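*Asks:*
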Amino acid sequence: MKTDKIYLWVGAVVVFFIGRLFVSELYSQGTLIGGIIYSLVMAGFIIPYILGENIQIPSYSHMLVKGEDDIYRLVYFLIGCCICVAALLAP
């Protein structure tokens, strides 16, 4: 399970840099801020959803457990996907 998380992180970083390379400049302020936002969303919502781990909401200490909060987990996953796309396309 640990190697799956590493492969997902490497894939996410590669997708981010390739996306930024084709969409806008690679060395810019947008890339720095977008990378920070992208990595926080990947760590908080997307990778835990894919691996079936618990998702902790940053604003309060509630855990979204797989099997109990599936709808909320899906909603946060979709919000995370939208934020990642916006971070890739930001100027």
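The sequence shown begins at 1158 in the working numbering and counts up by one. No residue lacks a Cβ here, since even glycine has one placed at the ideal position from N, Cα and C. Here the structure is a predicted model, which means the values were calculated and not measured.
Quick check: what's the CA-CA separation for Ile-1207 versus Gly-1224?
*Replies:* Taking the straight line from one Cα to the other gives about 14 Å.
*Asks:* First and last residue of the alpha helix (DSSP H) that includes Pro-1205?
*Replies:* 1204-1208 is the extent of the alpha helix (DSSP H) around Pro-1205.
*Asks:* For Gly-1209, does the count of other Cβ atoms within 10 angstroms reach 16, so buried, or fall short, so exposed?
*Replies:* So Gly-1209 counts as exposed.
*Asks:* Taking three-plus beta-carbon pairs below 8 Å as touching, is the region 1232-1244 in contact with the region 1188-1199?
*Replies:* Flag = yes, the region 1232-1244 and the region 1188-1199 touch.
*Asks:* How long is the line joining the alpha carbons of Gly-1187 and Ser-1218, rounded to whole angstroms?
*Replies:* So the two alpha carbons sit approximately 30 Å from each other.
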